[in-house]
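Trainee: Just so you know, the numbering used here puts 63 at position 63 of the sequence shown, and the rest follows in order with no gaps.
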Amino acid sequence: MMKVFICPECGGMTAVSRRKQLFCHKCSGVQMVSPRLTYSKYIEMDGRQRKDYAESWLYIRKHTGNH
Ligand SMILES: [Zn+2]
């Protein structure tokens, strides 16, 4: 089962299997979190859609104070 992860710093997204903790390869020491996005949705999205998703995810996260 693949799981989608997103970096709360740069919005970089990736999908991995069976990983509980994942750190962003760009932002050292930043632990990536799992958004409410299924892997099947993620693979249907193109680069532009992923970028849009990451941007709105970061925006919501920032503006709800959920750190
Ligand atoms: Zn990052």
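Using N, Cα and C, we set each Cβ at its ideal position, and we do this for glycine too.
If we cut at 7 Å on Cβ distances, does Q21 have a partner in chain C?
Mentor: Structure shown: chain C not included; a single protein chain is present.
Trainee: For the alpha helix (DSSP H) that S17 lies in, which residues bound it at each end?
Mentor: It is not in any alpha helix (DSSP H) - S17 instead sits in the beta strand (DSSP E) that spans M13 to S17.
Trainee: Could you tell me which residues DSSP puts in a beta bridge with I6?
Mentor: Bridge partners of I6: M13 and V33.
Trainee: Does the beta-carbon of E44, which I'm using as the reference point, lie nearer than 6 Å to any heavy atom of ligand 1?
Mentor: no
Trainee: On a Cα-Cα basis, can you pick out the residue from M1, T64 and E9 that is closest to V33?
Mentor: E9
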